[in-house]
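Input: a single structure, listed below in structure tokens.
In the numbering used here, the protein residues as written are 51 to 343.
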């Protein structure tokens, strides 16, 4: 009987061990998949930002050259595959970011991680602005963007500086995230100077091109058509949609952060309680031994 009981105990231990191993393997597989999704979605959005910055930089040559680049970019991102890739990548990346915020046990991060986090949380503001100003205005009200019209709208609303400012955080976040992935490879370390040059120079060229285009538009303001009538009529609705999306985004981030901190506090409380409960039997046994002696 004792031998049978021993064999059953060993069998149960084997089953428990196998279950734990499978659980660990499943967890590792899920983490690997999430990292792959994060990398893939990040590369899609970094490609979008890269083309956006290159398009602005073409404005150094001429407004017409930048306009041709814009036509090609719109043809790419407005296509069915491009739309699915861009907005799908943005949704996946944002969902994974919320998962990371919720799951973080501490916030003792190095400065580079803080910069990457700040830049990443700023990126959706650019995408929301793009989705409302370009995609929604085009789909609902027939607004066909070109650089002249877009710059006229920005100048009329006084948000031309914001357009430039919103590109920078996304570019910083994407480049830092890509470097964190590549820095373990020898070839990436050898190309570090070239990568840094592109990282710094492209936004500067983009800003220079955009400023050059704004000056060209301002200089030819008497030749330009007025602000698109359909867009002007529905501008209040578009502004309201943008504010609602920004509010929803901020609520999701703040709510996820709050829930994560609440979970951490409850876990610390549970661990303290378990620690106290574990010490009580030991103390009771010690006291009982003293009394017996």
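The C-beta atom is built at its ideal place from N, Cα and C for all residues, glycine as well.
Could you tell me if residue 326 is buried or exposed, where buried requires 16 or more neighbouring beta carbons within 10 angstroms of its beta carbon?
Flag for residue 326 reads exposed.
Since residue 305 and residue 154 should fall inside the 8 Å C-beta cutoff, what is the C-beta to C-beta distance between them, to a whole number of angstroms?
Not a contact, Cβ separation roughly 15 Å.
Kindly indicate which three-state DSSP category residue 215 falls into: helix, strand or coil?
Note: residue 215 maps to helix in three-state DSSP.
When you compare each of 300, 258, 170, 215 to residue 92 by their alpha carbons, which one comes out closest?
Considering only alpha carbons, the answer is 170.
Please report the residue range of the alpha helix (DSSP H) in which residue 134 lies.
Start and end: 130 to 153.
Hey, residue 110 and residue 205: beta-carbon distance below 8 Å or not?
Cβ atoms of residue 110 and residue 205: not closer than 8 Å.
State yes or no: is the C-beta of residue 99 within less than 8 Å of the C-beta of residue 224?
Closer than 8 Å, so yes.
What residue range is occupied by the uninterrupted alpha helix (DSSP H) comprising residue 174?
Start and end: 161 to 180.
Compute the Euclidean distance between the alpha carbons of residue 302 and residue 145, then round it to the nearest angstrom.
Looking at the two C-alpha atoms, the distance is approximately 10 Å.
Quick one: residues in its chain with C-beta nearer than 7 Å to the C-beta of residue 323, no 5 flanking neighbours on either side, listed in chain order?
Hits under 7 Å: none found.
Determine, using beta carbons only, whether residue 123 and residue 94 come nearer to each other than 8 Å.
The answer is no: Cβ separation not under 8 Å.
Do the CB positions of residue 249 and residue 214 come within less than 8 Å of each other?
No; because the gap between Cβ atoms is not below 8 Å, this pair is not in contact.
In the DSSP assignment, the alpha helix (DSSP H) including residue 110 goes from what residue to what residue?
First-last for residue 110: undefined, no H or E at that position.
What did DSSP end up calling residue 326 once you bin it into helix, strand or coil?
Residue state, collapsed to three classes: helix.
Would a C-beta distance cut-off of 8 Å place residue 136 and residue 288 closer than the cut-off?
Not closer than 8 Å, so no.
In angstroms, rounded to a whole number, what distance separates the CA positions of residue 285 and residue 292?
Going from the Cα of residue 285 to the Cα of residue 292 covers about 10 Å.
Would you verify that the beta carbon of residue 232 is, or is not, closer than 8 Å to some beta carbon of chain D?
The structure shown contains no chain D, having only a single protein chain.
How is the alpha helix (DSSP H) around residue 244 delimited, first residue to last?
Residues 242 to 269.
Going by the beta-carbon positions, is the gap between residue 226 and residue 162 smaller than 8 Å?
Going by C-beta atoms, residue 226 is nearer than 8 Å to residue 162.
So, helix, strand or coil for residue 102, using DSSP?
In the structure shown, residue 102 sits in a helix (DSSP, three-state: H, G or I).
Kindly give me the distance between the Cβ atoms of residue 238 and residue 246, rounded to whole angstroms, as I take these residues to be in contact under 8 Å.
11 Å between Cβ atoms; not a contact.
Where does residue 272 fall in DSSP's three states?
For residue 272, the predicted structure reports a pLDDT of 48, less than 50, and the residue's modelled location is therefore unreliable. A value from the coordinates is still provided. It is helical.
In or out: residue 121 buried (at least 16 other Cβ within 10 Å) or exposed?
Its Cβ having fewer than 16 others within 10 Å, residue 121 is exposed.
Residue 88 to residue 142, Cα distance in whole Å?
Cα to Cα, residue 88 sits roughly 7 Å from residue 142.
Should residue 383 be labelled buried (16 or more other beta-carbon atoms within 10 Å of its own) or exposed?
Any answer about residue 383 is impossible in this case: the structure gives the chain only from 51 up to 343.
Taking the straight line between their C-alpha atoms, what separation do you get for residue 321 and residue 147?
Their backbone Cα atoms lie some 27 Å apart in a straight line.
Would you call the CB atoms of residue 126 and residue 132 closer than 8 Å?
The answer is yes: Cβ separation under 8 Å.
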